[in-house]
Structures are given as structure tokens and as C-alpha cells.
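Undergrad:
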Amino acid sequence: MYFAALLARTEDGWEASDTELDDVETLSDLAELAREASPEDDTVLVLIEQEDAWFGVVRIDSEDDPRIYVSDAAAAARSSYGEILLTDELLGREPGDDSADLDSLDLDGTEEPDGDSDDDEEGGGADAVPHSPVGDSEILDDLGVGMKELKALDAEDALGAIAEALGASEVLETVR
Numbered sequence: 178m179y180f181a182a183l184l185a186r187t188e189d190g191w192e193a194s195d196t197e198l199d200d201v202e203t204l205s206d207l208a209e210l211a212r213e214a215s216p217e218d219d220t221v222l223v224l225i226e227q228e229d230a231w232f233g234v235v236r237i238d239s240e241d242d243p244r245i246y247v248s249d250a251a252a253a254a255r256s257s258y259g260e261i262l263l264t265d266e267l268l269g270r271e272p273g274d275d276s277a278d279l280d281s282l283d284l285d286g287t288e289e290p291d292g293d294s295d296d297d298e299e300g301g302g303a304d305a306v307p308h309s310p311v312g313d314s315e316i317l318d319d320l321g322v323g324m325k326e327l328k329a330l331d332a333e334d335a336l337g338a339i340a341e342a343l344g345a346s347e348v349l350e351t352v353r
């Protein structure tokens, strides 16, 4: 089960809205959706979670490029919504690098690195999508959630903890 919400910072605090990601195919689509939620070009956070598996935060500040944090890249790679967030840049790959195509990976959570894999020679294979956080771990520093706190969050209650730290837990709960 997935949950996605937009938190837009306004002069009066945070405003939340739930959002459907069915029509979102790229990170650009997601950024456009977020920008539409804040006509004043304020900060907008896109919070996405797959129950007990992973969570992601996308931060849009005005016309700046989106900043992204994903709690478990390998788990997100198995999700259509997670794939939107896992850009080549975020994963440290060259754009268009087909050797680490997420669609071709067989990630079932039981992989173990064996060092002998032919896929490892070109940087592809299962280790191209780590079972760890990726992205900007300082994405929420100025909003009261530091890198250590963000990395320590459990996927089960991460969005609630983030919203609480932002002072937005009540507005997030209204759309949950």
C-alpha cells in the first residue's frame, strides 16, 4: 500500500494535500505537480511511502532542481513510484547507462554480493541499487530534521515523524 502527500509551506504554516501519482511518469512530472501546489513558489515536500518498505522525500524550492532522499533504494526500485525518484544521477550512474537498467534487475531482497558476477565489472547488476539510503540526506536540515534523524527513521512511521518535526502532523493526518 502506498501513500503520497504534498506538504506546502505557506505564511500560515504547512498545508497538506493527498495526491495521486498515477499520471506521474517522471521526476519532472512530480516537480510540476508539486509546484502547482504552491502558487507562491514556497517550499513543497512530496512525501511518499510504501508501507513498511521504504519512504522518499522530494523537496521543491521555487524553480530549483528537486532534491531527493530515498530510505532504501533497492526496495524503491521494485516500486513504480520509487522508480520515479531513482534517477541515474541519484544512483551515481551516467544518464542512459543501460548496464544498470532497473527494469532488468531481479531484486527480491535476497541478493548477496559475490564479487564474481560479470555484472559487477561495468557497475551494473544488483549492487547498482543499494539496500541503503540514497540522495540528499540533508534535505530537511533547515526544517528541523537532521541527517542522523532522517537516516534513523523506520519506513513504518517515517512520514509521521517528519511531519511532527515540521509541526505539520495534524495537517498530514487530515489527508492520510
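Under our numbering, the residue at position 39 of the sequence shown is numbered 216, and the numbers go up by one with no gaps.
A virtual CB, placed ideally from N, CA and C, is assigned to each residue, including glycine.
1. If you run the structure through DSSP and keep just helix, strand and coil, what is Ala335?
2. Give me the residue from Leu184, Ala230, Gly233 with the minimum Cα distance to Glu213.
3. Whole angstroms are fine: how far does the CA of Leu320 sit from the CA of Leu343?
4. Check whether the Cβ atoms of Leu317 and Val247 lie closer than 8 Å to each other.
5. Can you tell me the Cα-Cα spacing of Gly337 and Leu267, whole angstroms?
6. Tell me whether Arg353 is buried or exposed, calling it buried when 16 or more other Cβ atoms sit within 10 Å of its Cβ.
7. What first and last residue would you give for the alpha helix (DSSP H) that runs through Leu262?
8. Leaving out the 5 sequence neighbours to the left and right, which residues in its chain are closer than 6 Å to Ala181 when beta-carbon positions are compared?
TA: On the basis of the data shown:
1. Shown here, Ala335 sits in a helix according to DSSP, grouped into three states.
2. For Glu213, the nearest C-alpha among the options comes from Leu184.
3. Their Cα atoms are separated by approximately 6 Å.
4. One thing to note: Leu317 has its Cβ no nearer than 8 Å to the Cβ of Val247.
5. Taking the straight line from one Cα to the other gives about 25 Å.
6. Arg353 comes out exposed.
7. DSSP places Leu262 in the uninterrupted alpha helix (DSSP H) bounded by 257 to 262.
8. Hits under 6 Å: Thr196, Leu198, Ile225.
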